[in-house]
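Chemist: When you line the sequence shown up against the UniProt record's numbering, it's residues 1 to 357, in that order.
Take a look at this one; I'll ask things after.
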Amino acid sequence: MAPRTRKLVVAVLLVLGIFLLIGWQTGAFESKIPASTPPLPSTPALAGNVVPVARLDVPMTEEAVGTLQSRHKVDITPRIQAVIEKILVTAGDHVKQGDLLVVLDKRDLEANVGQAEQALKAAEANYRQAVTDHARNMELLQRQVISPQEADNSRLRVEVTSATVGQARRAYEQAKVALSYAEITAPVSGIVTDKYQNTGEMAMPGKPILSLYDPSLVRLEVPVREALVRFLKVRDEVTVRLGADDLLTTGILDEIVPQADVASRSVLVKVLIPNVGSLYTGMFGRLIIPTGTEKILAVPAQAIERVGQLEYVLVPTSHGPERRFVQTGRRFGDKVEVLSGVTDQDRVLIPAEGSKE
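Have a look at this one:
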């Protein structure tokens with residue numbers, strides 16, 4: 001056989017083999033299903049309840065982030081200048097009203113009280129002597145032993161010494177009050193939050209040593225956008241989420257500060273929250289602001305099936321349940337918002353227990 005003929009035969013056989021392979025892969029040599037055979041349903045029939053897709057009116061909300069603060073925070077500040085002798089509490093301690101917190105060096109104050117007391121005693125002695133002298137002079141005046149001028153002088157001395165006694169008594173009382181300032185007590189019951197100074201440092205008026213707050217009532221302080229303030233009213237009950245655990249609770253809107261921040265275009269809103277014992281100042285919180293309602297489509301949560309990360313529902317059709325992939329959103333009780341995949345004209349199947357795919 002000539003070389004050219006041999007090449008032609010090989011080429012024909014190769015093309016024929018390719019066609020045979022394609023036909024085998026496409027099932028050309030297998031038996032065909034008769035045309036009268038009904039099609040198989042895409043999903044096997046399942047037992048369960050059929051419910052319509054619901055159209056719900058749900059609240060629209062916005063969230064504003066804030067921080068928990070104490071409604072009643074007190075800075076413990078000395079009223080006199082003195083060296084700190086003792087600080088009897090530390091941050092985190094619970095104190096009651098009247099408990100001793102800080103003791104200042106009182107040696108100079110005690111000396112001042114002693115001096116004032118001695119001055120008072122001397123003034124009282126001078127007064128008693130002046131009264132005695134005046135009484136004697138009045139007797140001498142009646143016997144015309146002394147002149148009326150001398151009697152007037154003794155009366156004037158009584159008045160002067162009486163005034164001196166009054167001044168000395170006030171100075172003595174002031175010294176005792178100053179001495180009492182050396183012991184600083186808790187003005188309210190609460191928890192010590194900060195300690196600003198230590199033993200041996202100089203305490204001065206206006207410079208706080210400690211701070212404490214009343215934990216029974218805290219306040220969520222939230223900067224709220226100007227556009228959302230119109231949805232809030234003082235004394236309204238509002239919903240808040242607190243802490244990393246998103247504790248859901250309610251509070252009373254206590255104050256809307258009538259001034260907007262120029263930089264953030266926000267208004268400070270303060271919400272009173274009763275402390276259940278697990279709230280501390282500085283914690284993170286969210287104020288939930290209702291802004292109206294919106295209509296959504298929703299189905300029962302039991303109707304949602306999952307395959308990996310995909311979600312679908314079963315929609316009854318004439319050929320049996322049809323699988324519809326959906327995109328879900330928020331949950332409202334036992335219903336789940338459906339963003340796409342069904343309409344309000346559809347119905348969905350809630351499979352019975354034990355009959356799920």
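The C-beta atom is built at its ideal place from N, Cα and C for all residues, glycine as well.
1. When we look at the beta-carbon of H134 and count the other beta-carbons within 10 Å, is it buried (16 or more) or exposed?
2. For Y213, report the span of its beta strand (DSSP E) as first-last.
3. Please report the distance separating the alpha-carbon of P274 from that of V65.
4. Please report the distance separating the alpha-carbon of A11 from that of L20.
5. Can you give me the Cβ contacts of I296 inside the same chain, cut-off strictly under 7 Å, excluding the 5 residues immediately before and after it?
6. Taking 8 Å as the cut-off, does the region 299-313 touch the region 252-269 (at least 3 CB pairs, one atom from each stretch)?
7. Where does A11 fall in DSSP's three states?
8. Please check the pair V271 and L253, which I expect to be a contact at CB under 8 Å, by giving their CB distance rounded to whole angstroms.
9. Taking the C-alpha atoms as reference points, what is the distance between L88 and S189?
10. If you pair each beta-carbon of the region 229-238 with each one of the region 182-197, do three or more pairs fall below 8 Å?
11. Taking just the CA atoms, how far does I76 sit from L287?
12. Can you grab the Cα-Cα spacing for the pair T250 / G285, in whole Å?
13. Pull up the CB-CB distance for V326 and D346, whole angstroms please, since I reckon it's below 8 Å.
14. Drop a sphere of 10 angstroms on the beta-carbon of L279, count the other beta-carbons inside from all chains shown, and report buried for 16 or more, exposed for fewer.
15. Would you list the residues sitting across from F332 in a DSSP beta bridge?
16. My guess is that V74 and K86 are in contact by the Cβ rule of under 8 Å, so how many angstroms apart are they, rounded?
17. Helix, strand or coil, according to DSSP, for L228 in the structure here?
18. Leaving out five residues before and five after A171 in sequence, what residues of the same chain have Cβ atoms less than 8 Å from its Cβ?
19. With K121 as the anchor, note down where its alpha helix (DSSP H) starts and where it stops.
20. Answer with buried or exposed for A186, where buried requires no fewer than 16 other C-beta atoms within 10 angstroms of its C-beta.
21. Just the Cα atoms here: how many angstroms apart are E322 and D245?
22. Please list, in chain order, all residues of the same chain as I184 whose beta carbon is under 8 Å from its beta carbon, the five residues on each side excluded.
23. Starting from Q149 and walking both ways along the beta strand (DSSP E), at which residues does that stretch end?
24. Since L179 contacts K96 with CB under 8 Å, what's their CB separation in whole angstroms?
25. Does K335 pass the burial test, meaning 16 or more other C-beta atoms within 10 Å, or should it be called exposed?
26. Rounded to the nearest angstrom, how far is the Cβ of Q69 from that of R219, given a contact under 8 Å?
27. Rounded to the nearest angstrom, what separates L212 and H94 at their Cα positions?
28. Give the single residue among G320, R136, E173 and R330 whose Cα lies nearest to the Cα of E294.
29. What three-state label does DSSP hand R71 in the structure shown?
30. Under a three-way DSSP split, which group does A82 fall into?
31. How is S216 classed by DSSP in three states: helix, strand or coil?
Modeler: Let me lay it out:
1. buried
2. L210 to Y213
3. 19 Å
4. 14 Å
5. L56, V58 and E337
6. no
7. helix
8. 6 Å
9. 15 Å
10. no
11. 31 Å
12. 12 Å
13. No, V326 and D346 are not in contact; Cβ-Cβ is about 10 Å, not under 8 Å.
14. buried
15. K335
16. With 8 Å as the limit, V74 and K86 do not qualify as a contact, their Cβ atoms being about 20 Å apart.
17. helix
18. A116, A119 and L120
19. R107 to Q142
20. buried
21. 40 Å
22. I76, P78, L100, L101, V102, V103, L104 and I209
23. Careful: Q149 lies outside any beta strand (DSSP E), inside the alpha helix (DSSP H) at P148 to S180.
24. In fact, because the Cβ distance is near 23 Å, the residues do not count as touching under 8 Å.
25. buried
26. 5 Å
27. 9 Å
28. R330
29. coil
30. strand
31. coil
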